[in-house]
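Chains as they are written, first to last, in the working numbering: chain A, 602 to 722; chain B, 602 to 722.
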């Protein structure tokens, strides 16, 4: 589990960025090629935390980072998750209990990914 | 920000615990005096992660841990949050953008809290 996303309606994204960066005492960072995301570096050590502007109601979701999208998606489906949609390389799953997660390719520093990742047989 | 809560309808709590513990490869832990919570130790280093059985729709929320509930609640209200309710020592706030957070007393190891906490003037 690599990432906590704070999904916020686009119209309120700037307000949410101002709140969360002040509340957590971190400087927000926007990537030029991923304008819907504003990351909150070091909000939690070891967990990427970001605000995402969405055309939907406010919610949180978490990402599972993997070096094998198909295998990880199938593993989670085997545990009862249901794949809802795909967007670029991201797979959105609804998991038992009703929560949304995304399965995403490696975004972390590759060495950190190797150090932190769990290996499945 | 100390805690990620996976709030799940009570009827599906056992199913959710089975999924999340297998998905993250961790052993779930129930505290005898807090039966609605099942923690997922070491799911993310440095972030307490737990499943909470609730009488509500599935959702995630995050907790802000503090050694001064009143001061932290007032600080967040000053940044635009609105206090919705109180339950024991926990204050539930809706923050700009629409998300729910809880302000809670220190639950972490006190030395870790001191090492990680941000200090506000």
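No residue lacks a Cβ here, since even glycine has one placed at the ideal position from N, Cα and C.
Here the structure is a predicted model, which is why all the values come from computation and not from measurement.
For the segment 669-683 of chain B, the beta-carbon criterion of a distance under 7 Å to any beta-carbon of chain A is satisfied by 677, 680, 681. Note that the C-beta distance between residue 698 of chain B and residue 613 of chain A is below 8 Å. Inclusion of residue 670 of chain A and residue 704 of chain A in the CB contact set at 8 Å is warranted, their separation being smaller than that value. Contact annotation: residue 641 of chain B and residue 627 of chain B have beta-carbon atoms nearer than 8 Å.
Residue 686 of chain A is bridged by DSSP to A:693.
Per DSSP, residue 674 of chain A has no beta bridge partner at all. Residue contact check for residue 646 of chain A against chain B: a CB pair falls below 8 Å.
Here residue 653 of chain A is bridged, per DSSP, to A:608, A:638. Bounds of the alpha helix (DSSP H) holding residue 711 of chain B are 711-717. Linking residue 603 of chain A to residue 645 of chain B through their CA atoms gives a straight-line distance of about 8 Å.
Counting only residues of its own chain and dropping the five nearest sequence neighbours on each side, residue 651 of chain B has a CB closer than 8 Å to the CB of 604, 605, 606, 607, 638, 639, 640, 641. Residue pairing of residue 625 of chain A in beta bridges, as defined by DSSP: absent, with no partner found. Chain order gives the chain B residues near residue 613 of chain A as 697, 698, 699, where near means a beta carbon separation below 9 Å.
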